[in-house]
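Q: Please find one structure pasted underneath; my questions will follow.
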Amino acid sequence: MDNIGVIISLILILGGLVTLLIRSLQAREVDRRIIFLFIFLAVAAPILFPMTFKEKATQVVKSVFDKIENLPEGSTVLLSFDFDPAMAPEVQPMANAISRHCFEKGHKIIFMSLWATGQALLSHSLSEFILPGFPEKENLVDYVSIGYKAGNEGVLNVIITDIQKMFPTDVNSVPLDSIPIFDNIESCKDLDFIMSIGGGKPGPKEWVLFVGDPGDVPVGVGVAAVVAPQMYPYYPGQIVGILGGVKGAAEYESELIRVHPRFAEMDTPGLRMMGPQTLAHVVIMAFIVIGNVVFFRGRRREKKE
Amino acid sequence: MKRQIPLFITFFVGTLLIFSVFIPPMETLGENFTLFFDIIAVFAFFLGAGNLVRVHVSKLRKRKADWGFSIVTLIGFGFMLFVGLLKIGNPGGIAADVTAPGSWFQEMFNYVINPLQSTMYALLAFFVASASYRAFRAKNREATILLMAAFVILLGRTPLGMMLTAWIPDSLSIFQIPNMAVWIMNSFNLAGQRAILIGISLGVVAMSLRLILGVERTYLGGDDSG
Amino acid sequence: MRSRSSISPGWTLLLVTTLLVCIVAAPTFGQMPDDGVITFEDTVQVMVAAPTSLIATDHKYDDGEKIDLQWVPSIDDLPGIGTVVGYRIYRQDDGGVAEVIANLPAKANHYRDENTELGHTYIYSVAALTDGAEFMSNLTESISPEREWIDFSKRYLFLIALLVGGAVIYFIEIARRGKKLFVRKIAGLEAVDDAVGRATEMGRPILFIPGIQDMDDVQTLAGLTILGRISKTIADYDTEIFMPVSRSLVMTAGREIIKSSYQTAGRPEKYSDNMVTYITDEQFGYVAAVDGIMVREKPATVFLLGAFFAESLILAETGNYIGAIQIAGTARPAQLPFFIAACDFTLIGEELFAASAYLSEDPKALGSLKGQDVGKAVAMVIIVVGVLAATMGQAWDISSMNSLVDILKTIFSTS
Amino acid sequence: MKKTTYLLMAVISALFVLSWILKAGSLSGETDNYVIQGFLITFSAFLTLSVLSFLYADNPLYKFAEHLFVGVSAAFWMCMGFWTTIVQNLIPRLSDGLSSFFEVPPQPGDYNFFFFIPVILGILLLMRLSPKGGWISRWPLAFIIGTTAGLNFVRYLRSDFIKQISNTFVPLLGTEWQGIGHFFSNLDLSASGQLVTMAANWVIFLGVFCGLIYFYFSKEHKGAFGAASKVGIWVLMLTFGASFGYTVMGRISLLVGRITFLFRDWLEIIS
């Protein structure tokens, strides 16, 4: 049933575009309402009948993936949820994908947040998205959430030398001393990989400047799309890789599915949200092409007359 | 005289604020003047609201075209003012935030203003498309550059860009479209934005000085108006 | 710029003295810390050394509300050991009882008290905290905050402001004395008169949109000054103008401007307050109404001059749809692409501010444009010097070049 | 003509009521005031569709939404201005009596009497309403313009002029220059390669330089100067094209949000 919907809407949209292209060869302008209709279809159809497009990971995304993929089993990874509910739609998908990937590879995860609002998001996403796929994972052994501490960059300045000083206990007031994950972890320098996901301040940039650089710890970042261009100057020197916006998440998810087929059955919000985006971009590009065809055919006709 | 006093006020206030930046005891002057501005702006609301009501009442009286819709505006305005100023249904009473959850004011925002606001905003998705269709045509060299930059970035933002150019080897990976898109954002885009920003700052400096020195004085109106 | 004789000596004097004052009075920093004395020890639990060498200094360039504290942390405050859990700051106000004013995390070695008052004297001490005990440092000498009248840390900002602002004023002055100054044509502005003329011929109104910001945004002021020029032509031609606004103050200013133009044109009876109408402060509510006005009134010409945000493209596309000639201008870089795509002429950034000066043909205003160019020339020279120095310093590790970059960065730093 | 209008109105009202009933029905298990909730969600959906209908053509539904929006939002901002500016910032500084009436903590201070300035200016502004006092309302305008000019002079100079200049001191050989030999032996065109990062720095340097020349007013754009200004405008066009393309994704997301609201919250055809 779903497939029929996808096929029909694709035929409708692509067929319509081809028809318009043929019409444009006679230099006929397209009414703007037709353009509006196409945009509406291109966005609405993939929402109704979820369609995913094959993403191929770009190098910046693949570097993060490979880093996690190639860490030896049992490595310790820190994930920092540095975002608020407003930013969540864009960055939540990557947070989910990376957590799952770490679990799949048997890494231990320390979750934390530099944002006050991040702690609630963190426990929500743990219980809703991340843990359901991995019922065998045990709190304090395979993962731990140490939550939020006020202090912005100040927090980072401390945990680069001593995590316990800033976070004496985890979110459930269990002392870090008694948590197996922290047996060999004293400071951020002992971590095998840090991933900061966010888009504001403090966030990924602060992790790079206050922990990654001085502590020589590999840091990867996941950011909202508008922030992504500002992070590129740090790549590949200071950061392992960048996941930018929904597209970054989608690329990561597709790489995950390619390497670990069992993820195909889990939800992939990044890929799903790229459906309307991709179709709409294609429609806009098609109309740019049609517009140019109309323009050049029209000019030639003028010359002839 | 009528004209000299406002000119003097502008000159005095403007100069004072420029120098206050360099004088620690006057540091907070700028903040306070911004607050002053906000307060004056609230007084101005009387003029704006008065105007809004007057326009729609006169439309109604004269039975001008679409006068029926003026009733909608007037009722909406009156009702919202009523629930907002009296904090109707606000769980915390008069001391609570006017937008406290559960208050009628907030409900009106959630179910009337919010859908209208975000749908108007969403119209942009359509207009971005119609503008691209019409404007990105290779009419001349400048337009062609505009078109190509836009096209490369659009392509780079979809899986298509990667699919088309994935065969390019790593040693030439700058020609892979997503990489090229990022590179353009970090080079040309950065340079262009910067040139524009530097120009703007100089424009603002000159404009401010023209206002402070009274070279620009159209806002003061004519000499003899009463 | 040949007429050097016309620089007023007063200006030169002012400039030179300020320069001198700034450079000479540049302050010197750095004080030797006193040796601290441990005044208090506790033997209840773990012993740790107290912080030492606590000194209090007046915070420079403030209004006397800040005092800076600095100390050497306890030598037992080491990473990984964790016996010192933090520091606590005490303050005696005018010889009163010592009160806690702040608690700081371990490793802290400085604090700024931003709650001091002029005329009071204070004595500070800092204690290292362990689990259950405090180890007090020396007391500081009594200190009173001082008020400085001039903020020398902003001396470079002042110099740059003086240079750019001085150039603008200088050229305004030159122009006032009657010297002809060349200013090149700006493409979009040539079209303004034609656009007004077109509306007149077609017998359709002109729509003027001054952006959605209030009078506290310079872009709105720039839009309004352009309105001042346009409305004169409109009053002469007796074309209909309509200006919906989203701020009450802009409505007031807009009415004042248009009214005076009609008075200057000698037909005040043609002016009506209905030409300028307040809609709503809400961004998209305003857009909804203006879109409605556009499709119903079908103006022949639309001016979009001021501060625009996301609504730029909604307005410009609707204007385009109804076939109006559109002249736009904004100093918001993010919105310029949309105006370029959907409008006939766009004033890019600085051109918006230059436009009113250009349209006025007032020599003084034109002179200010010349002053802006001095600013641009300075920017270009500094950029070339900075880039070359950075390149040479990088490539051949020339230390003098690296320090030149550092000096430039200090001068052009925002703090 | 009239007849079809009435017919359409009847159909739309019927659909509205139908949706209200269905919506209230589906909510009845979840909340107590399902009748009101059902109405509110239906009404939001109705407003959403009314605005979208403008894309086809101007019509009474859009006019209704537009007029409602104007009235409600004007009052919204007026109330916000009253509560946040007058009640929270002005009254605590000027009147203890009013502060206790509005239950806001007073903010005593030695210089609070200065806050009578905006009040007086505000009243002067209202003098416009009297036919003879119009001229005096220019004083508050003059004050506002002075404030704007004074504040923005330094603000723009600092953040846009000074900061953008110092950001442009980029080394033309890239940040990881290790000598010519190293450069040529590692020459490639990979996206993170030295040549490509170097090129970006050249573009930034020359782009800013030529861009500034484009804005130069006091010299005719001819000869070498004209060529540089031409390059400047090309850089600007590339900038505009790129940011246009980059923004599209965000704009589409907005529409995704609206359509998801219609399909999920209103029609409940997706989960």
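Chains as they are written, first to last, in the numbering used here: chain A, 15 to 319; chain B, 4 to 229; chain C, 6 to 420; chain D, 190 to 460. All C-beta atoms in this analysis are idealised placements derived from N, C-alpha and C, irrespective of residue type, glycine included. Computed from a prediction, not measured in an experiment: that's the story for all the values here.
Tell me which same chain residues have a C-beta within less than 8 Å of the C-beta of F291 (chain D), skipping the five on either side of it?
A: Counted from its first residue, the fourth sequence places residue 291 (chain D) at position 102. If we look at F291 (chain D) and ignore the five residues flanking it on each side, its Cβ neighbours are V276 and I280.
Q: May I ask you to report which of helix, strand or coil DSSP gives I211 (chain C)?
A: The residue given as residue 211 (chain C) occupies position 206 in the third sequence. Residue state, collapsed to three classes: strand.
Q: Can you list, in chain order, the residues of its chain whose CB lies under 7 Å from that of P181 (chain B), leaving out five sequence neighbours each side?
A: Along the second sequence, one-based indexing puts residue 181 (chain B) at 178. Closer than 7 Å at Cβ, skipping near neighbours: G159, G164 and M165.
Q: Would you please verify whether the beta carbon of K321 (chain A) is less than 8 Å from any beta carbon of chain C?
A: Outside the displayed span of chain A (15 to 319) sits residue 321 (chain A), for which this structure offers no information.
Q: Closest to L123 (chain C) by CA distance: which of C:D98, C:A294 and C:P304 is it?
A: Your numbering for residue 123 (chain C) matches position 118 in the third sequence. Considering only alpha carbons, the answer is C:D98.
Q: Please report the Cβ distance between V233 (chain A) and G226 (chain A), rounded to the nearest whole angstrom; I am assuming they are in contact, meaning their Cβ atoms lie under 8 Å.
A: The residue given as residue 233 (chain A) occupies position 219 in the first sequence. The residue given as residue 226 (chain A) occupies position 212 in the first sequence. With 8 Å as the limit, V233 (chain A) and G226 (chain A) qualify as a contact, their Cβ atoms being about 4 Å apart.
Q: Does DSSP put G91 (chain C) in a helix, in a strand, or in coil?
A: As a first step, residue 91 (chain C) is located in the third sequence; it is residue number 86 there, counting from the start. Three-state DSSP puts G91 (chain C) in a strand.
Q: Quick check on V307 (chain C): does DSSP put it in helix, strand or coil?
A: Indexing the third sequence from 1 puts residue 307 (chain C) at position 302. V307 (chain C) falls in the strand class under three-state DSSP.
Q: I need the boundaries of the alpha helix (DSSP H) containing R286 (chain A), first residue and last residue.
A: As a position in the first sequence, residue 286 (chain A) is number 272, starting the count at 1. Residues P283 to K318.
Q: Quickly, what does DSSP pair M248 (chain C) with across the bridge? List them, please.
A: Here residue 248 (chain C) is taken as the residue at index 243 of the third sequence, counted from 1. DSSP lists C:V281 as partners of M248 (chain C).
Q: Round the Cβ separation of L205 (chain B) and E356 (chain C) to the nearest angstrom and send it over; I've been treating them as touching at under 8 Å.
A: Along the second sequence, read from residue 1 onward, the residue named residue 205 (chain B) stands at position 202. Along the third sequence, read from residue 1 onward, the residue named residue 356 (chain C) stands at position 351. Not confirmed; about 12 Å, so no contact.
Q: For T161 (chain B), list the residues DSSP reports as bridge partners.
A: By one-based count along the second sequence, residue 161 (chain B) stands at place 158. Answer by DSSP bridge pairing: none, since T161 (chain B) is not bridged.
Q: Please state whether the Cβ-Cβ distance between I215 (chain B) and D349 (chain D) is less than 8 Å.
A: Residue numbering aside, residue 215 (chain B) sits at position 212 when the second sequence is read from its first letter. Residue numbering aside, residue 349 (chain D) sits at position 160 when the fourth sequence is read from its first letter. Cβ atoms of I215 (chain B) and D349 (chain D): not closer than 8 Å.
Q: Check whether the segment 65–73 of chain C and the segment 142–151 of chain C are in contact - that is, three or more C-beta pairs closer than 8 Å.
A: Enough Cβ pairs lie closer than 8 Å, so yes.
Q: With distances taken between CB atoms, is the gap from D176 (chain A) to S159 (chain A) smaller than 8 Å?
A: As a working mapping, residue 176 (chain A) is identified with position 162 in the first sequence. As a working mapping, residue 159 (chain A) is identified with position 145 in the first sequence. No. Outside cutoff.
Q: For the beta strand (DSSP E) containing H115 (chain C), name the first residue and the last one.
A: Residue mapping note: residue 115 (chain C) aligns to position 110 of the third sequence, counting from 1. Where H115 (chain C) is concerned, the enclosing beta strand (DSSP E) stretches over H115 to D118.
Q: Report the residues of the segment 294–318 of chain D with a CB closer than 9 Å to any CB of chain C, ordered along the chain.
A: Listed in sequence order: L314 and R317.
Q: Give me the subset of the segment 432–459 of chain D whose CB atoms are less than 8 Å from a CB atom of chain C, sorted by chain position.
A: Here the close residues are S432, F433 and T436.
Q: Exposed or buried, which one is D197 (chain A) when buried takes at least 16 other CB atoms within 10 Å?
A: One-based indexing of the first sequence puts residue 197 (chain A) at position 183. Exposed: under 16 other Cβ atoms inside 10 Å.
Q: List, in order along the chain, the chain D residues whose C-beta lies closer than 9 Å to that of S418 (chain C)?
A: Working through the third sequence from its first residue, we reach residue 418 (chain C) at position 413. Here the neighbours are I351, K352 and S355.
Q: Based on Cα-Cα distance, which residue from A:S192, A:F224 and A:K261 lies nearest to K203 (chain A)?
A: Counted from its first residue, the first sequence places residue 203 (chain A) at position 189. The candidate whose alpha carbon is nearest that of K203 (chain A) is A:F224.
Q: Whole angstroms are fine: how far does the CA of S355 (chain D) sit from the CA of D47 (chain C)?
A: As a working mapping, residue 47 (chain C) is identified with position 42 in the third sequence. As a working mapping, residue 355 (chain D) is identified with position 166 in the fourth sequence. Per-residue confidence for D47 (chain C) stands at a pLDDT of 41, beneath the threshold of 50, marking its modelled position as unreliable; the derived number appears in the next sentence. For D47 (chain C) and S355 (chain D), the distance between alpha carbons rounds to 52 Å.
Q: Kindly give me the distance between the Cβ atoms of L150 (chain B) and F139 (chain B), rounded to whole angstroms, as I take these residues to be in contact under 8 Å.
A: For the purposes of this step, residue 150 (chain B) is taken as the residue at position 147 of the second sequence. For the purposes of this step, residue 139 (chain B) is taken as the residue at position 136 of the second sequence. That pair is a contact at about 4 Å.
Q: Within a Cβ cutoff of 6 Å, which residues of the same chain sit near M287 (chain A), ignoring the five residues on either side of it in sequence?
A: Position 273 of the first sequence, counting from 1, holds the residue named residue 287 (chain A). Only V260 meet the Cβ criterion.
Q: Would D306 (chain A) pass as an interface residue toward chain B - the criterion being a Cβ-Cβ separation below 8 Å?
A: Taking the first sequence and counting its residues from 1, one reaches residue 306 (chain A) at position 292. It should be noted that the sequence gives Asn, not Asp, for residue 306 (chain A). Yes, its Cβ sits closer than 8 Å to a Cβ of chain B.
Q: Quick one: which residues of the segment 220–249 of chain D get their C-beta closer than 9 Å to a C-beta of chain A? List them in chain order.
A: The residues in question are L241, L244, Y245 and A246.
Q: Consult DSSP for L39 (chain A) and reduce its assignment to one of helix, strand or coil.
A: One-based indexing of the first sequence puts residue 39 (chain A) at position 25. L39 (chain A): coil per DSSP, three-state reduction.
Q: Which same chain residues end up closer than 8 Å to D377 (chain D) when comparing Cβ atoms and leaving out the 5 residues on each side of it in sequence?
A: Walking along the fourth sequence from the start, residue 377 (chain D) turns up at place 188. Around D377 (chain D): L384.
Q: Relative to the C-alpha of V250 (chain B), which residue among B:V75, B:A98, B:L119 and B:F22 is closest?
A: One cannot answer for residue 250 (chain B) here, as it falls past the ends of chain B, which runs 4 to 229.
Q: Is any beta-carbon of chain D found at less than 8 Å from that of A157 (chain A)?
A: In the first sequence, residue 157 (chain A) corresponds to position 143, counting from 1. In the sequence as displayed, the identity of residue 157 (chain A) is Tyr instead of Ala. No, no contact with chain D.
Q: From which residue to which residue does the alpha helix (DSSP H) around Y326 (chain C) run?
A: In the third sequence, counting from the first residue as 1, residue 326 (chain C) sits at position 321. Looking at the DSSP string, the run of the alpha helix (DSSP H) that includes Y326 (chain C) is E316 to Y326.
Q: Kindly indicate which residue of D:L204, D:A331 and D:Y345 has the alpha-carbon position closest to the one of I199 (chain B).
A: Within the second sequence, the letter at position 196 stands for residue 199 (chain B). The residue with the shortest Cα to Cα distance from I199 (chain B) is D:Y345.
Q: Where do the ends of the alpha helix (DSSP H) carrying T449 (chain D) lie?
A: In the fourth sequence, the residue the question calls residue 449 (chain D) occupies position 260. Unbroken alpha helix (DSSP H) run through T449 (chain D): G412 to T449.
Q: Determine the DSSP secondary structure at L205 (chain A), reduced to helix, strand or coil.
A: Working through the first sequence from its first residue, we reach residue 205 (chain A) at position 191. If DSSP states are grouped into helix, strand and coil, L205 (chain A) belongs with coil.
Q: Taking the C-alpha atoms as reference points, what is the distance between L164 (chain C) and A172 (chain C)?
A: The sequence position of residue 164 (chain C) within the third sequence is 159, counting from 1. The sequence position of residue 172 (chain C) within the third sequence is 167, counting from 1. Approximately 12 Å between the Cα atoms of the pair.
Q: Between the alpha carbons of T205 (chain C) and M280 (chain C), how many angstroms are there, rounded?
A: Counting from one through the third sequence, the residue named residue 205 (chain C) turns up at place 200. Counting from one through the third sequence, the residue named residue 280 (chain C) turns up at place 275. Approximately 16 Å, taken between the alpha carbons.
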